[in-house]
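Participant:
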Ligand code: ADP
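Okay, here's the thing in structure tokens:
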């Protein structure tokens with residue numbers, strides 16, 4: 001693909017590297033850039049604009065100016081813009097996936113899966129845009145009619161992480177635009193190129209100037225803080241770590257900004273004594289290895305009944321050990337690069353700590369020498385519940401296995417965390433699996449499946465894993481405000 005418009009800056013990967021404010025690309029200024037690096041080899045992919053705080057505020061101003069017009073655009077028209085964005089994304093699937101591989105490091109198959117998943121949020125919310133409903137009843141005491149309408153909440157700041165650079169964007173942009181909100185998107189500094197691609201795609205789909213803005217400050221703290229103190233901002237939708245989420249909840253409190261927070265996970269994966277082990281291992285591979293383990297939904301701790309634990313560990317090890325780390329675009333790679341050397345080193349440290357605490361390495365476990373942020377698929381047996389690796393989100397291809405004796409014990413251990421995003425349960429007895437799922441403190445439970453995410457389902461967590469839901473009819477609600485009209489009979 002070639003881009004010709006003069007105000008767009010190009011990089012070796014053919015992407016936009018400026019800030020996008022009020023429908024214009026503001027090219028990066030020399031010396032005020034930060035680097036986007038290919039984690040598979042450390043090479044520089046692009047120099048991206050270090051958006052200033054003033055520019056971030058200008059982006060909010062632009063979103064504010066565009067709000068009246070966009071929110072009063074017929075929902076059918078907003079829907080058609082989103083539907084067009086879905087079609088463009090589907091058509092440009094390969095180019096977007098390649099870009100994700102380059103800046104994130106994941107396998108091409110994972111990137112293609114991500115683009116399909118991401119595009120579905122545009123299609124789903126194109127459909128939801130025209131279904132924003134209201135409510136009507138007569139007051140019980142008979143003195144009035146109660147009419148409830150829904151209105152867009154206003155200007156929204158959307159902050160996304162690096163692990164799903166496309167899907168975490170569309171999961172927020174889709175419902176925001178469908179609801180009639182205008183936005184400022186701030187993507188992760190590791191993976192801004194997919195975001196800027198999406199912004200250009202939205203422009204081509206017909207999004208008017210000012211409705212979508214995109215900023216890429218090198219230091220997100222001050223820029224986001226300033227935006228959350230701009231009086232026009234009424235919504236923050238954030239996906240990232242619980243640590244940063246907590247800071248932003250404090251920041252949002254000053255202007256009582258509505259927040260939707262998708263934060264960390266620490267997903268337990270329960271294999272009960274009657275589970276079909278081949279299916280459980282197949283599910284474990286998906287729940288663990290999708291995205292190289294860099295997902296907040298990734299299975300983080302495997303609780304396996306004593307009667308089947310050895311067989312489960314053997315089968316899982318057999319599947320993990322054949323996956324060779326390598327560049328995401330190579331057909332022979334079984335797992336791609338982690339997003340950065342720093343992230344890879346955090347994984348290595350957790351594994352080294354688990355081994356020091358008595359875990360036994362069945363495969364992997366050693367940080368490779370040489371360039372690239374690679375880490376091998378790793379199975380750790382003999383892990384005890386409570387060890388650091390069961391308390392931290394690993395965010396990499398590491399499967400710690402913990403043995404349990406009673407279902408109650410497994411459920412207690414699964415719930416023994418401040419997080420509560422997703423859990424996995426395997427049992428041949430569906431009623432038993434459902435009873436178990438009902439006792440798990442998590443916003444989502446996958447039963448006899450290794451993946452649960454779906455644009456039509458409410459994604460979100462309990463406890464410190466977050467506030468609110470994305471996807472489904474719940475996703476658009478996050479960007480709408482109810483207005484009650486008290487009317488005479
Ligand atoms: P991860 O561990 O997935 O990188 P982070 O919570 O660090 O998660 O980052 C998620 C998003 O939050 C990214 O877009 C990042 O740039 C942004 N971010 C990080 N620190 C802050 C901060 N202090 N204020 C606002 N945004 C931040």
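In our numbering, the protein residues as written are 1 to 489.
C-beta: ideal position from N, C-alpha, C; glycine also.
For residue 474, name the three-state secondary structure that DSSP assigns.
Facilitator: Residue 474: helix per DSSP, three-state reduction.
Participant: Indicate whether the contact test is met: 3 or more Cβ pairs, each with one atom in the region 32-51 and one in the region 69-76, closer than 8 Å.
Facilitator: Contact fails: fewer than three Cβ-Cβ distances are below 8 Å.
Participant: Rounded to the nearest angstrom, what separates residue 296 and residue 168 at their Cα positions?
Facilitator: Each residue's Cα considered, the two are about 12 Å apart.
Participant: In angstroms, rounded to a whole number, what distance separates the CA positions of residue 118 and residue 421?
Facilitator: Residue 118 and residue 421: Cα-Cα distance of roughly 20 Å.
Participant: Using the three-state DSSP reduction, which class does residue 222 fall into: helix, strand or coil?
Facilitator: Helix.
Participant: My guess is that residue 468 and residue 260 are in contact by the Cβ rule of under 8 Å, so how many angstroms apart are they, rounded?
Facilitator: Yes, residue 468 and residue 260 are in contact; Cβ-Cβ is about 4 Å, under 8 Å.
Participant: Per DSSP, what kind of secondary structure is residue 541 in: helix, strand or coil?
Facilitator: Absent from the model: residue 541. The displayed extent of the chain is 1 to 489, so no value can be given.
Participant: Taking 8 Å as the cut-off, decide whether the C-beta atoms of residue 350 and residue 392 are in contact.
Facilitator: Yes, they are a contact pair.
Participant: Using 8 Å as the Cβ pair cut-off and three pairs as the minimum, do the region 18-37 and the region 160-178 touch?
Facilitator: Counting Cβ pairs under 8 Å, fewer than three are found: no touch.
Participant: Report yes or no: do the region 201-215 and the region 234-252 share at least 3 C-beta pairs separated by less than 8 Å?
Facilitator: Contact between the region 201-215 and the region 234-252 is absent, because fewer than three Cβ pairs lie under 8 Å.
Participant: With distances taken Cα to Cα, identify the nearest neighbour of residue 150 among 488, 476, 223, 433.
Facilitator: Closest option to residue 150, Cα to Cα, is 476.
Participant: Can you give me the C-alpha to C-alpha distance between residue 305 and residue 443, rounded to a whole angstrom?
Facilitator: Looking at the two C-alpha atoms, the distance is approximately 24 Å.
Participant: What does the alpha-carbon distance come out to for the pair residue 448 and residue 434?
Facilitator: Cα to Cα, residue 448 sits roughly 10 Å from residue 434.
Participant: Please classify residue 136 as buried or exposed, where buried requires at least 16 neighbouring CB atoms within 10 angstroms.
Facilitator: So residue 136 counts as exposed.
Participant: Is it right to say residue 102 is buried, meaning 16 or more other beta carbons lie within 10 angstroms of its own, or is it exposed?
Facilitator: Buried.
Participant: Looking at the ligand ADP, does it come within less than 7 Å of residue 187, judged from the CB to the closest heavy atom?
Facilitator: Indeed, a heavy atom of the ligand ADP lies less than 7 Å from the Cβ.
Participant: Considering residue 135, what are the terminal residues of the beta strand (DSSP E) in which it resides?
Facilitator: Looking at the DSSP string, the run of the beta strand (DSSP E) that includes residue 135 is 135-138.
Participant: I need the straight-line Cα distance from residue 63 to residue 229, nearest angstrom please.
Facilitator: Taking the straight line from one Cα to the other gives about 15 Å.
Participant: If you follow the alpha helix (DSSP H) that residue 319 is in, where does it begin and where does it stop?
Facilitator: Residues 309-320.
Participant: Please classify residue 110: is it buried, with 16 or more other beta-carbons within 10 angstroms of its beta-carbon, or exposed?
Facilitator: It is buried - the Cβ of residue 110 has at least 16 other Cβ atoms within 10 Å.
Participant: I need the straight-line Cα distance from residue 249 to residue 221, nearest angstrom please.
Facilitator: Residue 249 and residue 221: Cα-Cα distance of roughly 13 Å.
Participant: If you follow the beta strand (DSSP E) that residue 115 is in, where does it begin and where does it stop?
Facilitator: Per DSSP, residue 115 belongs to no beta strand (DSSP E); it is in the alpha helix (DSSP H), 108-129.
Participant: For the beta strand (DSSP E) holding residue 481, just list the boundary residues, first then last.
Facilitator: Residue 481 -> beta strand (DSSP E) spans 480-487.
Participant: When burial is assigned at 16 or more other CB atoms within 10 Å of the CB, is residue 291 buried or exposed?
Facilitator: Label assigned to residue 291: buried.
Participant: Rounded to a whole number of angstroms, what is the C-alpha to C-alpha distance between residue 490 and residue 107?
Facilitator: Examination of residue 490 is not possible in this model, given that the chain is present from 1 through 489 alone.
Participant: Counting only runs that start and end within the region 65-104, where is the alpha helix (DSSP H) found for 4 or more residues in a row?
Facilitator: The region 65-104 contains these whole alpha helix (DSSP H) runs: 75-91, 93-104.
Participant: Compute every distance between the C-beta of residue 241 and the non-hydrogen atoms of the ligand NAP, then say whether any falls below 7 Å.
Facilitator: With respect to the ligand NAP, the structure shown offers nothing to examine, as its ligands consist of the ligand ADP.
Participant: On the three-pair Cβ rule with 8 Å, is the region 402-411 touching the region 315-332?
Facilitator: No, the region 402-411 does not touch the region 315-332.
Participant: Cβ of residue 25 within 7 Å of any heavy atom in the ligand ADP?
Facilitator: Incorrect: residue 25 has no Cβ contact closer than 7 Å to the ligand ADP.
Participant: Counting only the same chain and skipping the five closest in sequence on each side, list residues whose C-beta sits under 8 Å from that of residue 127.
Facilitator: Cβ neighbours of residue 127 beyond the five flanking positions: 79.
Participant: Considering only their Cβ atoms, is the gap separating residue 427 from residue 275 smaller than 8 Å?
Facilitator: Cβ atoms of residue 275 and residue 427: closer than 8 Å.
Participant: Quick check on residue 343: buried or exposed, where buried means 16 or more other Cβ atoms within 10 Å of its Cβ?
Facilitator: It is buried - the Cβ of residue 343 has at least 16 other Cβ atoms within 10 Å.
Participant: What's the C-alpha gap between residue 324 and residue 400?
Facilitator: In a straight line, the C-alpha of residue 324 is about 19 Å away from that of residue 400.
Participant: Which residue's Cα is closest to the Cα of residue 258: 236, 266, 454?
Facilitator: For residue 258, the nearest C-alpha among the options comes from 236.
Participant: On the DSSP bridge list, what partners appear for residue 466?
Facilitator: DSSP, once it has assigned bridges, lists 262 as partnering residue 466.
Participant: Indicate whether residue 423 and residue 267 have their beta-carbon atoms separated by less than 8 Å.
Facilitator: Yes, they are a contact pair.
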